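Colleague: In terms of our numbering, the sequence shown opens at residue 12 and continues consecutively.
Just so it is clear, CB atoms sit at the ideal spot from N, CA and C, and this is done for glycine as well.
Predicted model, so just to flag it, every value in this text is computed and none were measured.
Attaching a single structure in structure tokens format; questions to follow.
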Amino acid sequence: MLTIFDKIGRLLDSSVEQSARSSARLHGRRSALAKIGGFVAGGLVISVLPFDRAWGSPTPVEKEGDGDDTSCDYWRYCALDGNLCTTMGGSTTSCPVGAEASEVSWVGTCHNPGDERDYLVSYYDCCGKTGYSEAQFCLRSEGERPAYSMGLHNDINWCMANANKGYHCTVALIVGVAE
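Structure follows, in structure tokens:
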């Protein structure tokens, strides 16, 4: 004699079996593996995307008229030693086409006269492209101390960490506000 629990168990077993067989007919192993592979690949792509290291702090925004970014006197270039990417087809934050940012960089603290604040600026050399005759060369090392460690100095070829070690120009990224 079957108890009520046995009847419910058999009914549950048959419904689970029926839904599993129906799902297997509609969705094969290959499509399941393809979806799982897509999720794994998506996770890998997301892990290499750039992210905001400021953790939600407000990003500094430059005002119109803060200066000419093609001139060595531009406030953001206070510790720059090299060619300006803004005069070579790039911008203050991106390398020109055909060049890649160096793997390592140096930093400086520059004063923005537009908002009277000090900013931490990271300088990246753009590597891998040949020279350019119209380059604007700047040598500004405000507040620089004598080099006691070459890794902290702006007078070295920062492209040495890249596969193509040829120097092209330098960009200046604002990475934070000095408090």
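Which whole-angstrom value describes the C-beta separation of Cys149 and Tyr88, a residue pair presumed to lie in contact below a C-beta threshold of 8 Å?
Modeller: Indeed, because the Cβ distance is near 6 Å, the residues count as touching under 8 Å.
Colleague: Decide yes or no for the touch test of the region 167-176 against the region 101-108: beta carbon pairs closer than 8 Å, at least 3 of them.
Modeller: As far as the Cβ criterion goes, the region 167-176 does not touch the region 101-108, which means the pair count is below three.
Colleague: Given that a residue counts as buried once 16 or more other Cβ atoms are within 10 Å of its Cβ, and exposed if not, what is Asp92?
Modeller: That one is buried.
Colleague: Starting from Asp129, follow its DSSP beta bridges and name the residues at the other end.
Modeller: The partner list for Asp129 (beta bridge, DSSP) reads His122.
Colleague: Kindly indicate which three-state DSSP category Glu28 falls into: helix, strand or coil?
Modeller: If DSSP states are grouped into helix, strand and coil, Glu28 belongs with the helices.
Colleague: Identify, in the order they occur along the chain, each residue of the same chain with its Cβ nearer than 7 Å to the Cβ of Cys1, setting aside the five sequence neighbours on each side.
Modeller: Summary: the structure shown does not reach residue 1, with the chain confined to residues 12 through 190, and so no result is reported for it.
Colleague: Buried or exposed: where does Asn175 fall if 16 or more other Cβ atoms within 10 Å of its Cβ makes it buried?
Modeller: So Asn175 counts as exposed.
Colleague: Identify whether Leu13 lies in helix, strand or coil by the three-state DSSP scheme.
Modeller: Three-state DSSP puts Leu13 in coil, outside helix and strand.
Colleague: To the nearest angstrom, how far is it from the Cα of Lys74 to the Cα of Asn123?
Modeller: Because the pLDDT of Lys74 is 46, which lies under 50, any placement of that residue in the model is unreliable, and the number read from its coordinates should be weighed accordingly. Each residue's Cα considered, the two are about 10 Å apart.
Colleague: Using a Cβ-Cβ cutoff of less than 7 Å, which residues in the same chain neighbour Ala65 once the five nearest sequence positions on both sides are dropped?
Modeller: Reliability of the predicted coordinates at Ala65 is poor, the pLDDT of 46 falling under 50, and the value obtained from them is presented with this limitation in mind. Excluding sequence neighbours, Ala65 sits near Gly187.
Colleague: Using DSSP's beta-bridge definition, name the partner residues of Thr181.
Modeller: Per DSSP, Leu95, Asp136.
Colleague: Just mark Val51 as buried or exposed, buried being the case when its beta carbon has 16 or more other beta carbons within 10 Å.
Modeller: With fewer than 16 Cβ atoms within 10 Å of its Cβ, Val51 is classed as exposed.
Colleague: Do Ala146 and Thr81 have their beta-carbon atoms positioned less than 8 Å apart in this structure?
Modeller: No, Cβ-Cβ distance for Thr81 and Ala146 is not below 8 Å.
Colleague: In three-state DSSP terms, what is Cys170?
Modeller: Here Cys170 sits in helix by DSSP.
Colleague: If you check the beta carbons only, do Arg151 and Ala112 fall under 8 Å apart?
Modeller: Cβ atoms of Arg151 and Ala112: not closer than 8 Å.
Colleague: Which term fits Cys121, buried or exposed, when burial requires 16 or more other beta carbons within 10 angstroms of its beta carbon?
Modeller: By the neighbour-count rule (16 or more Cβ atoms within 10 Å), Cys121 is buried.
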